[in-house]
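Working notes, beginning with the structure itself.
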Amino acid sequence: MCIAVDAMGGDFAPRVPVEGACLAARSLGVSITLVGKASLIRKELERIQPAPPDEKVSLVDTPEWIEMGESPATALRTKKSASVLLAAGLAAKGKAQAMVSAGNSGAAMVAAMRKMRTLPGVERPAIAIVMPNKTGQTIFLDAGATVDCRPQNLLQFAHMGVAYALCRLGVEKPRVGLLGIGEEPTKGNSLTREAHQLLRKSGLNFVGNVEPNEMMEGVADVVVCDGFVGNIALKTMEGFAEFALQVFAGQFGSEEGASAEMQPHIEAAKRHIDWAEYGGALLLGVNGLCVISHGRSTPTAIARAIQLGKEASEKQVITSLSRHLLPLQGEVPAGKK
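Here the working numbering is used: the first residue of the sequence shown is 4, the next is one more, and so on.
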């Protein structure tokens, strides 16, 4: 299995993507194609010890990449050989089973839509986060791909979330919730009120509106919202998780200063709520596997993102998505950009 990695994507590229890719090549047994400026990538490869086997890492050279602050659509129009675009192309052509990028998330989404196209029944894609809760995990989407949504988009997100939950969580009949500000169907804005009616009639196991504080209780296996609300919710939770860990460790002067008895508990808490432990998120709705990672990703987070792409391929997530989107295929034509 081969995973294409955008080596120029992220706040610490190419060092971190290359280190993470090498870690994955050694620990997961996957082949990696690093896409980016070859001279810079080779410098990073030369200093990594132990180096992965030569046959496990290949390079695709390009002088172009997308910076974090660039407009995705504009940049991809002018940079036809951008690293994220070439990585998406490798996955679309089957030369890689998935792509991973920690760079400009908007550019990754546009590149995936342009090269892979959308699945039949999908108008817009969604970033699906696997979030911890008290009893297990919840699929949360959209975490930022589509900020302006129609009610039909949220219905599509729900179908995609159910398909992903079946593969990832192994639940037989995933419970679907709509992120809102109250349990009553009449609460919220026009988008959530109309989406509530569509979901209620959808045949999905819809449990109604889910308030933000309820997501961690595990009341739903899938929670959907528009990408604007979802991105704010995600970053708020990330920020609070980091703050909580700092406060917890600060009770001992520092994390390192904790007693031997408490150290395992601190480490367990970090593994449970630290975003880096989850690596990345799948972009659902495109006809291929695209994993979007945090710009601040560590090498371990990149390796976990590669693992996510590997597991999604093995579990045939795209096949599951296509099957569960069948009821919607007459509404949106295949291959819509």
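Built from N, CA and C at the ideal position, the CB exists for glycine as well. All figures in this text were calculated on a predicted structure; none of them were measured in a lab.
Go through its chain and collect everything with a Cβ distance to residue i's Cβ below 6 Å, but skip five positions before and after it.
i, result
"L311", "G282, G283 and V294"
"G92", "K118"
"A308", "V103, G282, G283, V294 and S296"
With a CB to CB cut of under 8 Å and the five nearest residues on each side skipped, what residues in its chain are close to residue i?
i, result
"G191", "G183, I184, G185, H199 and N212"
"V174", "A168 and D224"
Look at residue i and residue j and say whether their C-beta atoms are less than 7 Å apart.
i, j, result
"M163", "G288", "yes"
"D57", "C152", "no"
"A7", "M116", "no"
"M134", "N107", "no"
"P154", "E197", "yes"
So what does DSSP say about residue i, is it helix, strand or coil?
i, result
"V19", "helix"
"T36", "strand"
"V125", "coil"
"D145", "coil"
"L31", "helix"
"K340", "Unreliable placement is indicated for K340, whose pLDDT of 46 sits below 50; the coordinate value is still reported in the next sentence. Three-state result, K340: coil."
"L26", "helix"
"P56", "coil"
"S104", "strand"
"I51", "coil"
Following the continuous alpha helix (DSSP H) through residue i, name the residue where it begins and the one where it ends.
i, result
"Q310", "P302 to E317"
"G283", "No alpha helix (DSSP H) holds G283; the beta strand (DSSP E) holding it covers G283 to L287."
"S323", "V320 to H327"
"C170", "P154 to R171"
"I295", "Per DSSP, I295 belongs to no alpha helix (DSSP H); it is in the beta strand (DSSP E), C293 to S296."
Since residue i contacts residue j with CB under 8 Å, what's their CB separation in whole angstroms?
i, j, result
"V87", "D9", "5 Å"
"L292", "V320", "7 Å"
What residue range is occupied by the uninterrupted beta strand (DSSP E) comprising residue i?
i, result
"M116", "Counting along the chain, M116 falls outside any beta strand (DSSP E), though it belongs to the alpha helix (DSSP H) covering S108 to M119."
"I69", "Segment: none, I69 is in no beta strand (DSSP E) and carries neither H nor E."
"L182", "R178 to L182"
"V8", "C5 to D9"
"S84", "Segment: none, S84 is in no beta strand (DSSP E) and carries neither H nor E."
In chain order, what residues of the same chain have a beta carbon less than 7 Å from the beta carbon of residue i, not counting five sequence neighbours either side?
i, result
"A223", "T141, R178, V179, G180, V210 and V213"
"N234", "A146 and G147"
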